[in-house]
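Comments concern the structure below.
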Amino acid sequence: MALVDPLSIKRVQKGLIRLIQKLEPTATTDGMGASVKRLMPTRALFTVDPFLLMDHFAVKPPAGFPPHPHRGFEIITYMLTGAFRHEDDAGNRGIIPAGGLQRITAGAGIVHSEMPATEDVNEGIQLWINLPRSDKGVVPSYQDVAGDQLPTKRIDGAIVKTIVGDGSPVDIRRPMRYEDVTVFPGIQFQLSGIEGFQGLVYVLEGRGRFVFDTDSSGQAPVEAGAGEALVFSQETIRSIRIVAHEDSASSALRLIWFAGEPIGERPIFRGSFVD
Numbered sequence: 039m040a041l042v043d044p045l046s047i048k049r050v051q052k053g054l055i056r057l058i059q060k061l062e063p064t065a066t067t068d069g070m071g072a073s074v075k076r077l078m079p080t081r082a083l084f085t086v087d088p089f090l091l092m093d094h095f096a097v098k099p100p101a102g103f104p105p106h107p108h109r110g111f112e113i114i115t116y117m118l119t120g121a122f123r124h125e126d127d128a129g130n131r132g133i134i135p136a137g138g139l140q141r142i143t144a145g146a147g148i149v150h151s152e153m154p155a156t157e158d159v160n161e162g163i164q165l166w167i168n169l170p171r172s173d174k175g176v177v178p179s180y181q182d183v184a185g186d187q188l189p190t191k192r193i194d195g196a197i198v199k200t201i202v203g204d205g206s207p208v209d210i211r212r213p214m215r216y217e218d219v220t221v222f223p224g225i226q227f228q229l230s231g232i233e234g235f236q237g238l239v240y241v242l243e244g245r246g247r248f249v250f251d252t253d254s255s256g257q258a259p260v261e262a263g264a265g266e267a268l269v270f271s272q273e274t275i276r277s278i279r280i281v282a283h284e285d286s287a288s289s290a291l292r293l294i295w296f297a298g299e300p301i302g303e304r305p306i307f308r309g310s311f312v313d
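Residues are numbered in this note's numbering as their position in the sequence shown, beginning at 1, plus a constant of 38.
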């Protein structure tokens with residue numbers, strides 16, 4: 039996405055989430071009239087170290103994100119429907135299809151554009167991952183990954199697509215995990231491998247109950263549905279048990295979740311540069 043306005047962000051937060059937070063994204067526009075639901079950075083949530091920005095976008099021509107610069111972080115753009123056309127100032131260009139993604143390491147700086155590649159609504163998730171200050175000057179690079187290159191498995195009544203993690207070809211500089219998970223009605227499924235990481239769960243479709251295995255006893259289950267997120271801390275979470283709702287009107291519960299090892303450095307936003 040094109041720009042973050044640092045004046046709209048609460049500067050008092052430090053990126054370490056102390057509690058399990060439930061919140062909804064903020065509807066806004068970015069680039070050239072593009073509709074975006076922004077989960078962070080907003081007044082409700084600054085960042086979740088090492089993650090800087092998460093946008094759920096739905097863009098139809100002529101809206102889009104014409105040429106704009108980035109510096110100091112990595113980007114994963116994961117397409118849910120439609121496709122996006124990308125181009126940068128190093129001569130790289132291509133199309134990200136539904137189910138596929140692009141990873142960009144902006145590093146020392148790039149200028150690129152992201153525009154819808156179909157006439158219908160083109161929907162996806164964009165995630166910014168911070169780089170330590172020691173890595174912010176790395177040479178920019180990018181990687182396009184088709185959906186059929188991402189490992190997809192059926193596990194205990196759920197379908198798990200690994201975006202970043204075991205078996206995925208996506209090359210990210212920070213230790214992290216990122217998955218697209220579908221849990222069928224009435225099924226229980228556990229997200230594990232979270233200890234020492236922090237991040238969030240974002241519900242794309244359906245509704246379910248989330249039980250957090252925490253350092254504190256007596257953590258009550260949390261209900262969440264489409265368009266809601268649950269943010270969790272490295273200090274509290276070992277695993278998350280998910281129970282998809284089961285009734286005659288239920289659809290499968292589909293969510294994305296990502297978690298990473300905090301850097302511990304406060305990001306400094308300068309528009310679409312992060313120092």
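Ideal placement from N, C-alpha and C gives every residue a C-beta, glycine not left out. Note that the coordinates shown come from a computational prediction; the quantities given were computed from them, not determined experimentally.
If we call anything under 9 Å between Cβ atoms a contact, is residue i one with residue j?
{"i": "Ala121", "j": "Ala144", "result": "no"}
{"i": "Gln236", "j": "Ile275", "result": "yes"}
{"i": "Val312", "j": "Arg76", "result": "no"}
{"i": "Gly387", "j": "Val221", "result": "Residue numbering for the chain in the displayed model covers 39 to 313; residue 387 lies beyond these limits and cannot be assessed."}
{"i": "Leu291", "j": "Val269", "result": "no"}
{"i": "Gly138", "j": "Ala184", "result": "yes"}
{"i": "Ile280", "j": "Gln226", "result": "yes"}
{"i": "Glu62", "j": "Glu266", "result": "yes"}
{"i": "Gln187", "j": "Pro170", "result": "no"}
{"i": "Pro79", "j": "Pro154", "result": "no"}
{"i": "Val97", "j": "Asn160", "result": "yes"}
{"i": "Ala58", "j": "Phe250", "result": "The amino acid occupying residue 58 in the given sequence is Ile; Ala does not appear at that position. Yes, they are a contact pair."}
{"i": "Ser179", "j": "Phe103", "result": "no"}
{"i": "Arg212", "j": "Gly298", "result": "yes"}
{"i": "Ile197", "j": "Ile114", "result": "no"}
{"i": "Ser289", "j": "Ile232", "result": "no"}
{"i": "Ile2", "j": "Leu90", "result": "Given that the chain is displayed from residue 39 to residue 313, the structure contains no residue 2 and the question cannot be resolved."}
{"i": "Val241", "j": "Gly263", "result": "yes"}
Using DSSP with H/G/I as helix, E/B as strand and the rest coil, what is residue i?
{"i": "Asp206", "result": "Note that residue 206 is Ser in the sequence shown here, rather than Asp. Three-state result, Ser206: coil."}
{"i": "Arg109", "result": "strand"}
{"i": "Ile306", "result": "coil"}
{"i": "Arg171", "result": "helix"}
{"i": "Asp186", "result": "helix"}
{"i": "Ile58", "result": "coil"}
{"i": "Glu299", "result": "coil"}
{"i": "Val312", "result": "strand"}
Any idea if residue i is buried or exposed, counting beta-carbon neighbours within 10 angstroms, 16 or more meaning buried?
{"i": "Asp127", "result": "exposed"}
{"i": "Arg215", "result": "buried"}
{"i": "Ala72", "result": "buried"}
{"i": "Phe307", "result": "buried"}
{"i": "Asp93", "result": "buried"}
{"i": "Asp209", "result": "exposed"}
{"i": "Thr67", "result": "exposed"}
{"i": "Arg304", "result": "exposed"}
{"i": "Ser172", "result": "exposed"}
{"i": "Arg141", "result": "buried"}
{"i": "Ser310", "result": "buried"}
{"i": "Thr190", "result": "exposed"}
{"i": "Glu112", "result": "buried"}
{"i": "Gly69", "result": "buried"}
{"i": "Ala146", "result": "exposed"}
{"i": "Ser271", "result": "buried"}
{"i": "Val74", "result": "buried"}
{"i": "Gly302", "result": "exposed"}
{"i": "Ala282", "result": "buried"}
{"i": "Glu217", "result": "buried"}
In the DSSP assignment, what residue or residues form a beta bridge with residue i?
{"i": "Thr156", "result": "Thr156 pairs with nothing; no bridge assigned."}
{"i": "Arg192", "result": "Ile197"}
{"i": "Arg141", "result": "Ile114 and Gln181"}
{"i": "Gly162", "result": "Phe95 and Met117"}
{"i": "Val149", "result": "Pro107"}
{"i": "Arg215", "result": "Ala297"}
Jot down the residue ranges of each uninterrupted beta strand (DSSP E) in the stretch 218-297, minimum 3 residues, whole runs only, in chain order.
226-229, 236-243, 245-252, 260-263, 267-270 and 275-282
Ignoring anything shorter than 3 residues or poking outside the stretch 66-138, list the beta strand (DSSP E) runs there in chain order.
72-78, 89-97, 103-108, 111-119, 121-126 and 131-135
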